[in-house]
Amino acid sequence: MPYFYFDYTYLLLLPALIFALWAQARVQSSYNKYNKVMTRSGMTGADAARMILDANGLTNVRIEQIAGNLTDHFDPKANVIRLSNAVYGSRGVAALGVAAHEAGHAVQYAENYSPMRLRASIIGITNIGSRLALPIFLIGLLFSYELALIGIALFSLTAVFQAVTLPVEFNASRRALEALDGSGRLDDDELKGAKKVLTAAALTYVAALASSLAQILRLLIIAGGRRRD
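Laid out in structure tokens, this is it:
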């Protein structure tokens, strides 16, 4: 059972936290490094996204510029790819990788890619579960071990969502790199830089899943300790 003055179960989260911080730092450092490497072809992030969309018959998907840093995303409801200021007009290798990745998501959506469809189907219940998990868990610690387990189960939905997200993100990056390679407009070094940026970004999703799994283990230990008391 955790001590009053120190909850030792937090130590279970430490490795995942370190991993998450390292992954985030690696994304930023990789992006900063390879966005200084300009493409010889002069292709911009917006150009790369448009090229991939058009090659897949997605001429109806718009590309918009938005504020922020690495706020790039594909919005299936609006049928638009939004690229941050640092990506939209940049000729940097990193920007092309990010933009191509978002175009990969648009292609997934158009093709009804199964993991993306599954992720969309569970996002609602995941959001509800994440809001209710902790209150139900804490009430369960006071009154009912079984209720605490329900709280943990609800929190586990977040881990399920993150696990489903992994193939979606990795597949979008694979599509992006294949499209950039097939275009013939990037040389080997430029493709290598784009791959490093996308690989670093993918690790942040792995780190998020690792953090959730560590938290689930921690909650199980806490609930088990209270049950023995």
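Per my numbering: the sequence shown = residues 60 to 288.
Don't be surprised by glycine CBs; every beta carbon is placed ideally from N, CA and C.
How long is the line joining the alpha carbons of residue i and residue j, rounded to whole angstroms?
i    : j    : result
P61  : Y67  : Annotation note: pLDDT 47 at P61 (below 50); position unreliable, no value reported.
F220 : V152 : 30 Å
R178 : G243 : 33 Å
Y264 : M97  : 27 Å
A108 : H164 : 11 Å
H160 : P135 : 14 Å
I125 : S89  : 22 Å
E170 : L117 : 11 Å
F202 : F196 : 10 Å
S149 : R190 : 38 Å
I122 : L112 : 10 Å
N115 : Q167 : 10 Å
N144 : L239 : 21 Å
P174 : V223 : 6 Å
A266 : A82  : 7 Å
R139 : I280 : Rather than Arg, the amino acid found at residue 139 in this sequence is Val. Taking the straight line joining both Cα atoms gives about 44 Å.
E228 : Y69  : 29 Å
L129 : A162 : 15 Å
I184 : N91  : 36 Å
V120 : I275 : 39 Å
I182 : R176 : 10 Å
A180 : K254 : As written in the sequence, residue 180 is Ser, which differs from the Ala given in the question. The straight-line gap from Cα to Cα measures roughly 30 Å.
Q87  : G127 : 14 Å
Y172 : L80  : 31 Å
Let me make sure I understand the geometry here. Which of the options has the alpha-carbon closest to that of residue i?
i    : options                : result
N94  : L250, A266, S271, V265 : L250
A218 : L197, N186, D240, L257 : N186
F78  : I111, G127, G156, A273 : A273
P74  : L129, I281, S271, L279 : S271
I198 : A282, L268, Y168       : A282
A84  : L193, V256, A158       : V256
L225 : G127, A261, V86        : A261
G241 : G183, R99, M110, L76   : M110
A231 : D248, T258, L245       : T258
D247 : L80, R99, L76          : R99
If you measure between the beta carbons of residue i and residue j, is that distance less than 8 Å?
i    : j    : result
L71  : R277 : yes
G188 : L213 : yes
A137 : V146 : no
Does the beta-carbon of residue i have 16 or more other beta-carbons within 10 angstroms, so that it is buried, or is it exposed?
i    : result
F63  : Note that F63 scores a pLDDT of 46, beneath 50, so its modelled location is shaky and nothing firm can be said.
I211 : buried
R141 : buried
D131 : buried
R234 : buried
S215 : buried
G252 : buried
L268 : buried
E205 : exposed
L236 : buried
L245 : buried
L193 : exposed
L200 : buried
State yes or no: is the beta carbon of residue i nearer than 8 Å to at least one beta carbon in chain B?
i    : result
A179 : Of the chains in the structure shown, none is chain B; there is only one protein chain.
Validate contact between the region 98-107 and the region 153-161 using beta carbons, cut 8 Å, 3 pairs: Contact check between the region 98-107 and the region 153-161: three or more CB pairs, one atom from each, fall below 8 Å, which counts as touching.
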